[in-house]
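Sequence order for the protein chains is A and B.
Under my numbering, residues 2 to 519 are what the first sequence spells out, in order.
Under my numbering, residues 427 to 977 are what the second sequence spells out, in order.
Each residue gets a CB set at the ideal place from its N, CA and C atoms; glycine is no exception.
Bear in mind the structure is a predicted one, so any value in this text is a computation, not a measurement.
Right, one structure below, let's go through it.
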Amino acid sequence: MPALSILIWLPLACGLLGAIVGLRSERVPGLLALLGSLAALGLAIGYIADYHSAGAHLQHVTDVVWIAELGIHYKLAITGLNVFLVGLTTLLFFAATLAANMRSWDRPSLFYFHFMLAESAVLGAFLAQDLALFVAFFDLMLIPFYFLIGGWGREPGRVKATIKLVIYTLVGSLLMLAAAIATGVLAAQQGGGHITFVLSSLQALPLSTGSQEWIFLFFAAAFLVKMPAFPLHGWMPDGYRAMPIEVLMVFSGVLSKVGAYGFLAIVLPLYPKAAVHFQTLMLLIALASIIYGSMQAFSQRDARLVAGYSSVAQLGFITLGIFALNEQGAQGALLQMVNHGLVVAPLLFIVGLLAQRAGGSEDVREMGGIAFRAPVLATIFLVVALATLAMPGSSNFVGEFLILLGVFKAKLAIAIIAFSGVVMASVYALRLFIRAMHNRVGKSVDSREISLMDGLVFAPLLGVIVFLALYPQFALHRSEGSVKSAVFEAQALAGNPHAQFHYFSGTASTAAIASTEP
Amino acid sequence: MTYVPLYSPAIATTHLKGPHVDFAGLSPLIALLGGAVLVLMVGLLGHRFVRSQVVPALSLGALGAALGLTIWQWNANKSIVSGALRVDDLALTLNLILIAGGACTVLLAWRSQASREAAHGEFHALLLTSIGGMSLLASAQNTVALFVGLELLSIPLYVLCATEMRREHSLESGLKYLIVGSVGSATLLYGLAMIYGATGATDFGAIASALSNGSLATDPLTLTGIALCVAGLCFKASVAPFHQWTPDVYEGAPTPVTAFMAVTTKVAALGVFLRFFDVALIATHASWGPALAVLATITILVGNVGALGQSSLKRMLAYSSVAQAGYILAGVVVATRLGVQATVFYLAVYLMMNLASFAVIVARERETGLGDDLQAVAGLGRERPWLAWPMTISMLALAGIPATAGFIGKFYLIDATVAGGYTWLGVAIVVGSMISLGYYLPVLAAMWMREAPAGLGRGDAGRSSASAPGPSGGPLPALAGGSPELDPGDELASAGASADVPAVPAVQTPATQPEVLAVAVLAGAATIFFGIIPQPLFDLVHGAGAALGLL
Numbered sequence: 002m003p004a005l006s007i008l009i010w011l012p013l014a015c016g017l018l019g020a021i022v023g024l025r026s027e028r029v030p031g032l033l034a035l036l037g038s039l040a041a042l043g044l045a046i047g048y049i050a051d052y053h054s055a056g057a058h059l060q061h062v063t064d065v066v067w068i069a070e071l072g073i074h075y076k077l078a079i080t081g082l083n084v085f086l087v088g089l090t091t092l093l094f095f096a097a098t099l100a101a102n103m104r105s106w107d108r109p110s111l112f113y114f115h116f117m118l119a120e121s122a123v124l125g126a127f128l129a130q131d132l133a134l135f136v137a138f139f140d141l142m143l144i145p146f147y148f149l150i151g152g153w154g155r156e157p158g159r160v161k162a163t164i165k166l167v168i169y170t171l172v173g174s175l176l177m178l179a180a181a182i183a184t185g186v187l188a189a190q191q192g193g194g195h196i197t198f199v200l201s202s203l204q205a206l207p208l209s210t211g212s213q214e215w216i217f218l219f220f221a222a223a224f225l226v227k228m229p230a231f232p233l234h235g236w237m238p239d240g241y242r243a244m245p246i247e248v249l250m251v252f253s254g255v256l257s258k259v260g261a262y263g264f265l266a267i268v269l270p271l272y273p274k275a276a277v278h279f280q281t282l283m284l285l286i287a288l289a290s291i292i293y294g295s296m297q298a299f300s301q302r303d304a305r306l307v308a309g310y311s312s313v314a315q316l317g318f319i320t321l322g323i324f325a326l327n328e329q330g331a332q333g334a335l336l337q338m339v340n341h342g343l344v345v346a347p348l349l350f351i352v353g354l355l356a357q358r359a360g361g362s363e364d365v366r367e368m369g370g371i372a373f374r375a376p377v378l379a380t381i382f383l384v385v386a387l388a389t390l391a392m393p394g395s396s397n398f399v400g401e402f403l404i405l406l407g408v409f410k411a412k413l414a415i416a417i418i419a420f421s422g423v424v425m426a427s428v429y430a431l432r433l434f435i436r437a438m439h440n441r442v443g444k445s446v447d448s449r450e451i452s453l454m455d456g457l458v459f460a461p462l463l464g465v466i467v468f469l470a471l472y473p474q475f476a477l478h479r480s481e482g483s484v485k486s487a488v489f490e491a492q493a494l495a496g497n498p499h500a501q502f503h504y505f506s507g508t509a510s511t512a513a514i515a516s517t518e519p
Numbered sequence: 427m428t429y430v431p432l433y434s435p436a437i438a439t440t441h442l443k444g445p446h447v448d449f450a451g452l453s454p455l456i457a458l459l460g461g462a463v464l465v466l467m468v469g470l471l472g473h474r475f476v477r478s479q480v481v482p483a484l485s486l487g488a489l490g491a492a493l494g495l496t497i498w499q500w501n502a503n504k505s506i507v508s509g510a511l512r513v514d515d516l517a518l519t520l521n522l523i524l525i526a527g528g529a530c531t532v533l534l535a536w537r538s539q540a541s542r543e544a545a546h547g548e549f550h551a552l553l554l555t556s557i558g559g560m561s562l563l564a565s566a567q568n569t570v571a572l573f574v575g576l577e578l579l580s581i582p583l584y585v586l587c588a589t590e591m592r593r594e595h596s597l598e599s600g601l602k603y604l605i606v607g608s609v610g611s612a613t614l615l616y617g618l619a620m621i622y623g624a625t626g627a628t629d630f631g632a633i634a635s636a637l638s639n640g641s642l643a644t645d646p647l648t649l650t651g652i653a654l655c656v657a658g659l660c661f662k663a664s665v666a667p668f669h670q671w672t673p674d675v676y677e678g679a680p681t682p683v684t685a686f687m688a689v690t691t692k693v694a695a696l697g698v699f700l701r702f703f704d705v706a707l708i709a710t711h712a713s714w715g716p717a718l719a720v721l722a723t724i725t726i727l728v729g730n731v732g733a734l735g736q737s738s739l740k741r742m743l744a745y746s747s748v749a750q751a752g753y754i755l756a757g758v759v760v761a762t763r764l765g766v767q768a769t770v771f772y773l774a775v776y777l778m779m780n781l782a783s784f785a786v787i788v789a790r791e792r793e794t795g796l797g798d799d800l801q802a803v804a805g806l807g808r809e810r811p812w813l814a815w816p817m818t819i820s821m822l823a824l825a826g827i828p829a830t831a832g833f834i835g836k837f838y839l840i841d842a843t844v845a846g847g848y849t850w851l852g853v854a855i856v857v858g859s860m861i862s863l864g865y866y867l868p869v870l871a872a873m874w875m876r877e878a879p880a881g882l883g884r885g886d887a888g889r890s891s892a893s894a895p896g897p898s899g900g901p902l903p904a905l906a907g908g909s910p911e912l913d914p915g916d917e918l919a920s921a922g923a924s925a926d927v928p929a930v931p932a933v934q935t936p937a938t939q940p941e942v943l944a945v946a947v948l949a950g951a952a953t954i955f956f957g958i959i960p961q962p963l964f965d966l967v968h969g970a971g972a973a974l975g976l977l
């Protein structure tokens with residue numbers, strides 16, 4: 002398999018090439034972007050196929066010293082945690098680029114440049130194995146979206162919406178930057194060696210409880226804003242309303258997952274004591290997100306915001322699973338990350354298609370009876386809606402089941418309240434479907450079947466949804482080892498009864514085992 | 427007793443010994459100050475071509491010579507002029523930054539109104555003298571040399587600010603700077619005198635050893651002296667609450683001079699902070715450390731909050747430079763080798779970021795009639811991408827976004843503050859960056875997400891440009907490619923102005939001012955380059971850090 006750097010930088014290279022060539026031609030940037038995202042998708046599928054779950058923790062490692070003075074390495078690797086998220090990213094960007102190619106954009110070379118820069122930055126964030134590199138990619142991935150929303154977003158208020166979104170997110174991200182630097186400095190002072198930000202080295206140098214706590218809070222601020230979680234979701238309605246659908250597909254499908262991935266891959270292994278200390282707080286925030294998001298989702302009139310608030314709720318479930326601090330919860334959370342991305346992207350694309358058939362409006366009250374002349378659209382929508390509400394038989398069901406199983410073991414009361422989120426999910430998903438597709442035909446509705454190109458956008462996404470529904474073990478099996486090692490220390494500290502698993506390739510865990518054993 | 431005649435050759439050769447002058451060590455300074463004199467003389471020649479083209483070229487030549495001599499003196503590590511100046515890696519690195527800033531200023535001022543009004547020779551002579559003063563300041567090891575350098579830096583700047591004589595704001599800015607700057611210098615001098623009184627020495631090394639023995643470190647005279655020195659130097663570095671002059675002076679001065687002040691004065695002032703506080707006063711670190719840390723925090727807050735909502739780009743950049751001074755001061759506060767390295771690194775990066783945005787403002791000022799208003803850069807992404815991209819990169823770098831050198835600089839500074847035990851100061855830097863997004867992002871929004879204002883006219887309609895007496899030649903169609911620059915004393919001189927009074931230039935597009943475009947593009951490219959491959963800069967500042975002998 003080629004080096005991981007190629008996977009990361011190929012989309013950006015295609016974007017740059019498209020921007021240069023696009024000065025002459027309007028079609029070329031879009032086609033080049035499509036080619037780039039397709040090539041990245043091919044590479045990602047190759048990495049998934051090539052991943053050995055019984056092998057080393059980090060595979061296909063690239064490790065180059067970037068800034069020697071600050072101990073920052075350009076270190077990339079495939080782990081069980083990010084292999085499927087990388088696949089999800091490339092798949093969603095491919096589908097979104099295909100959808101974008103079906104429209105004509107003003108200044109296409111610039112549009113596709115920003116789109117491809119976003120893909121490269123997100124891939125970098127998932128693959129980074131160095132804390133400073135992760136923070137750099139995390140901050141960087143926001144900037145192309147600032148331009149995409151501000152430059153090509155929908156009126157009214159696209160500029161205000163994008164400034165609000167960026168400021169909200171960067172406030173969190175900058176706090177995370179301070180916390181990350183503090184981690185490196187404090188770890189070096191404790192360990193006595195040169196400063197380093199490589200994750201595996203930092204994991205071997207745990208910080209004191211007091212430091213871990215404030216650093217955890219800063220990281221949590223950044224990730225919770227990204228997801229978004231209940232108190233910090235203020236940017237979401239305006240932001241979602243302003244984005245073009247194709248941009249929203251990747252924003253909702255992929256960017257929120259970087260926050261959840263950050264919790265699982267960075268916060269839990271590096272700050273386990275703080276994770277245990279704040280476990281109840283995080284579970285309560287997750288619960289609040291689930292309830293608030295679901296309640297908002299089933300009272301929204303804007304179809305986009307139904308998807309937006311449902312994302313808040315779904316990411317709440319994912320956070321719940323992560324902070325159950327045991328293997329089942331974490332496995333469920335990781336599976337749900339992939340599932341939610343796979344489901345929300347076609348859902349948003351469908352919202353776009355519904356709007357086209359309802360006289361340009363995304364208001365649910367204007368829709369109705371669209372299924373009559375669009376049976377294929379109706380079928381696809383039904384599959385997506387049932388997946389959203391975690392119908393048994395879908396992979397989302399497996400994910401939610403594992404999450405709730407994990408939380409049940411950790412905190413019973415919260416699990417019981419969280420079950421209501423499952424019920425509410427059915428309410429809002431079916432409400433959207435019925436209001437849009439069935440009952441009386443809306444006033445300005447002019448329904449028609451989806452085109453072949455629309456079908457091409459749906460095909461890969463639905464294919465993977467069905468595949469995972471039939472065989473979720475594919476994802477669960479490969480991620481098992483990495484998830485267990487990520488949760489291991491926090492699980493041990495939380496005193497979870499099933500913390501007997503001793504898998505980890507490193508000396509830190511043996512020290513942790515020695516210290517937690519009575 | 428043998429009779430020896432008074433003036434015998436034997437006595438003459440044995441008694442007359444001049445001081446040893448290390449010309450090699452002094453050579454960069456000689457190049458700068460000698461160049462100033464040369465430029466002044468050449469500027470007296472009457473021919474217009476000589477004045478407007480040869481003089482700036484000679485300035486660049488002098489700066490190039492100083493650059494070459496600076497590189498020649500690398501690794502010298504010696505004290506010259508009886509220990510008053512020190513030629514070490516810190517001084518030479520700062521020299522490099524100052525020369526780069528000076529060269530870009532010469533390029534920005536090549537076609538400027540200010541240079542014309544100040545009769546090119548005087549303008550460039552003042553510029554070179556000021557740079558000479560900054561260079562002196564960067565190597566000063568003695569309080570007297572410090573003061574001499576400071577005055578040599580400041581007084582030409584007071585005049586340079588006022589060079590657009592027919593514009594009220596320029597004169598106001600020069601006068602304000604003169605008065606406030608003089609107060610600052612006087613305060614500094616008083617503080618230096620008190621330190622002399624307390625320690626009995628003017629040499630930094632002697633002061634350091636005097637303070638480290640005995641109870642002088644907590645003596646009221648010493649502490650008052652230090653406090654007054656802090657006040658005086660903070661005036662120069664525009665650290666709050668001594669920054670009040672900065673917005674008005676930066677806004678009023680001609681834009682090339684603003685760029686010069688914003689960049690090089692900070693480099694020199696913060697460089698002298700490093701030498702004075704981290705070498706001479708290191709024994710009293712426990713006294714001034716927390717005080718400077720608090721000042722830095724206040725500066726960061728005041729600077730960032732003040733820039734919010736500004737519609738004038740120069741005023742916004744003035745407040746932003748106040749905030750940046752706060753960040754850089756944090757590197758001085760920790761008084762460690764890492765802090766010195768981080769400070770010098772950020773100063774180099776600061777130069778690149780600011781020059782990119784100032785160059786774009788200069789280019790746009792000459793093209794539209796809107797001066798430095800935010801509206802002048804509206805729609806720039808579509809109209810002038812070669813100007814829009816450097817400005818974008820500059821704004822993102824100033825905010826500390828990754829892939830730019832500004833991110834690495836901020837990372838380094840926060841690293842130094844946390845390692846030095848001032849974690850809260852690192853958090854303050856981060857909070858400042860958050861607030862700064864509120865004024866950097868609207869500039870990006872204006873350039874890429876809004877349309878250009880309709881009907882952009884000649885440069886003489888703007889607030890920031892000079893207006894000649896008498897009738898102007900009528901408005902040209904908006905952005906009509908620009909006519910070649912009118913010769914001064916041409917048709918517009920009919921209103922009775924003499925041949926020396928410059929007339930209003932025609933609209934200048936980036937194509938007709940390639941040197942400004944070059945500065946913008948180079949600075950922007952350097953910002954991105956060092957954001958991705960920062961190792962060369964790290965190697966450069968490594969020696970600077972070692973020069974002061976801190977831990």
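| Query | Result |
| --- | --- |
| State buried or exposed for PRO270(A), treating a residue as buried only when at least 16 other CB atoms are found within 10 Å of its CB. | buried |
| Quick one, are the C-beta atoms of ALA688(B) and PHE784(B) less than 8 Å apart? | yes |
| Any Cβ of chain B within less than 8 Å of the Cβ of GLY211(A)? | no |
| I need the boundaries of the alpha helix (DSSP H) containing ARG358(A), first residue and last residue. | 328 to 358 |
| Would you call the segment 91 to 103 of chain A and the segment 247 to 261 of chain A in contact, with 3 or more CB pairs under 8 Å? | yes |
| Below 8 Å on C-beta distance, what does PHE116(A) contact in chain B? | Under the 8 Å cutoff, chain B gives no residues; its nearest Cβ is about 15 Å from PHE116(A). |
| Are the CB atoms of PRO454(B) and THR496(B) nearer to each other than 8 Å? | yes |
| For TYR147(A), which of helix, strand or coil comes out of DSSP? | helix |
| For ALA906(B) and MET873(B), I'd like the C-alpha separation in whole angstroms. | Any reading at ALA906(B) must be qualified, since the residue scores a pLDDT of 36, below 50, and its modelled position is unreliable; no value is offered. |
| GLU70(A) CB to nearest chain B CB: under 8 Å? | yes |
| State the Cα-Cα distance for the pair TYR429(A) and PHE299(A), rounded to the nearest angstrom. | 4 Å |
| Give the secondary structure of VAL447(B) by DSSP, where H, G and I count as helix, E and B as strand, and everything else as coil. | coil |
| Is it true that the CB of VAL465(A) sits closer than 8 Å to the CB of LEU1(A)? | The shown model of chain A, from 2 to 519, leaves out residue 1(A), and the question about it has no answer. |
| Report yes or no: is there a C-beta of chain D within less than 8 Å of the C-beta of ILE164(A)? | Absence of chain D from the displayed structure is noted, the protein chains being A and B. |
| Which of the three DSSP states, helix, strand or coil, is assigned to LYS412(A)? | coil |
| For TRP153(A), count neighbouring C-beta atoms within 10 Å of its own C-beta (all shown protein chains included) and say buried if the count is 16 or more, exposed if not. | buried |
| Would you mind sorting MET821(B) into buried or exposed? The rule is 16 or more other CB atoms within 10 Å of its CB. | buried |
| Return helix, strand or coil for TRP815(B), following the three-state DSSP convention. | helix |
| Find out if the Cβ-Cβ distance for the pair TRP215(A), LYS165(A) is shorter than 8 Å. | no |
| Go ahead and pull the three-state DSSP assignment for LEU77(A). | strand |
| With DSSP collapsed to three states, give me the class of SER427(A). | helix |
| I'd like to check one pair, VAL933(B) with LEU534(B): are the Cβ atoms closer than 8 Å? | no |
| Can the beta-carbon of ASN568(B) be found less than 8 Å from the beta-carbon of THR628(B)? | yes |
| How is the alpha helix (DSSP H) around GLN539(B) delimited, first residue to last? | 539 to 543 |
| Among all the DSSP beta bridges, which residues are the ones paired with ILE506(B)? | LEU511(B) |
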